[in-house]
Structures are given as C-alpha cells and as structure tokens.
Amino acid sequence: MPWIADLHIHSHFSIATSRELVPEHLDFQARRKGIRLVGTGDATHPGWLTELTEKLVPAAGGLYSLRPELRLDRPLPEGVDSRDSPLFMVTAEISTIYKRDGRVRKVHHLVLLSGIEAARRLQPVSYTHLTLPTKRIV
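Under the numbering used here, the sequence shown has 571 at position 91, and the numbering climbs by one with no breaks.
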C-alpha cells in the first residue's frame, strides 16, 4: 500500500512560520489531506524537542503518533476516515552555506532520525558552528 508522506516540515519555532505548526495541527491537516507520514522538522530545537516529547507517543519502528487526547475533533472532508492518524518521523534540517563564484549558496539536508533520543544526541552537534574547508568538485 503506497503512503503519502511530507517529511520537510518546520515547526512554529522556525522563522516566518505559522504558530499553528504544532503536532495537533500537523496531525489534523495530515488526516485531512490523506498524508500518512509526517516529518517533525526542527527536531534539534530544544523547545520543539520538548514539545514533541510531551505530545507524541511511540508507535512502532522509531515512528510516533499524537497522543489521542490531543487530536483536534474537527470535521473532515467526506470520505476521509478520521481514524487514519498519521505517523510522525523525527526529522531535522541542516543547512550547508558556502560561497562559490562570489555568490552565497545554500544546500538544505533533510535528516531522518531514528527517534527522539537520536535527536537529543544530534542537538549539541547541530548547534556547533563549524567552518569546514571546501574543495571545489565541479
């Protein structure tokens, strides 16, 4: 059975994002749109990781689901089964920023983590600013 997934998500802690980017709304919108797997995004942000820990429960295989009591009870489009709750995969984004030919370049790497504990282990590394030597490949 194919799954629809959205793994590149940001939280309400990201700059210029909605305050509604919280697990409850992510769960509701995913159910509404038929998305079965949702990335958490921003999993290395301390506040977001705390919120995820409080609002998600382990499901299976490193995936999580929203605590049932937090599900938003709103009408869904006809034909959408309200019992089809999405699963959450702990994800983060790491940006590589460099200069080439006088222009700033940015590459965004989506990091899929095995769970909340893996995000905790990644936190100190992701908040360390490193200047790495670059080698032009092309």
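Even glycine gets a Cβ: it sits at the ideal position worked out from N, Cα and C.
Work out the CA separation of residue j and residue i for me, nearest whole Å.
{"i": "Thr614", "j": "Val591", "result": "Summary for Thr614: the model assigns pLDDT 49, below 50, so the residue's position carries little reliability; its value from the coordinates is reported in the next sentence. About 21 Å."}
{"i": "His488", "j": "Ala523", "result": "12 Å"}
{"i": "Pro525", "j": "Arg600", "result": "This sequence places His at residue 525; Pro is not what is there. Distance between the alpha carbons of His525 and Arg600: 9 Å."}
{"i": "Leu536", "j": "Ala598", "result": "15 Å"}
{"i": "Leu552", "j": "Met569", "result": "20 Å"}
{"i": "Ile515", "j": "Ile484", "result": "5 Å"}
{"i": "Arg512", "j": "Val560", "result": "7 Å"}
{"i": "Arg594", "j": "Gly542", "result": "Reading off the sequence shown, one finds Ser at residue 594, where the question assumed Arg. The straight-line gap from Cα to Cα measures roughly 5 Å."}
{"i": "Pro503", "j": "Leu529", "result": "11 Å"}
{"i": "Ile596", "j": "Ser494", "result": "19 Å"}
For residue i and residue j, which I take to be in contact (beta-carbon distance under 8 Å), what is that distance rounded to the nearest angstrom?
{"i": "Asp507", "j": "Ser565", "result": "6 Å"}
{"i": "Glu573", "j": "Gly521", "result": "7 Å"}
What are the boundary residues of the alpha helix (DSSP H) that residue i is part of?
{"i": "His505", "result": "503-513"}
Quick one, which of the options has its alpha-carbon nearest residue i's?
{"i": "Ser545", "options": "Gly527, Thr530, Leu529, Val518", "result": "Val518"}
{"i": "Ala540", "options": "Leu567, Pro548, Leu550, Thr530", "result": "Leu567"}
Taking the beta strand (DSSP E) that residue i falls in, what are its first and last residues?
{"i": "Leu567", "result": "567-569"}
{"i": "Pro538", "result": "536-538"}
Query raised in the report: Counting Cβ pairs, one atom from each stretch, are 3 or more of them under 8 Å apart for the segment 546-556 and the segment 579-586?
Result: no
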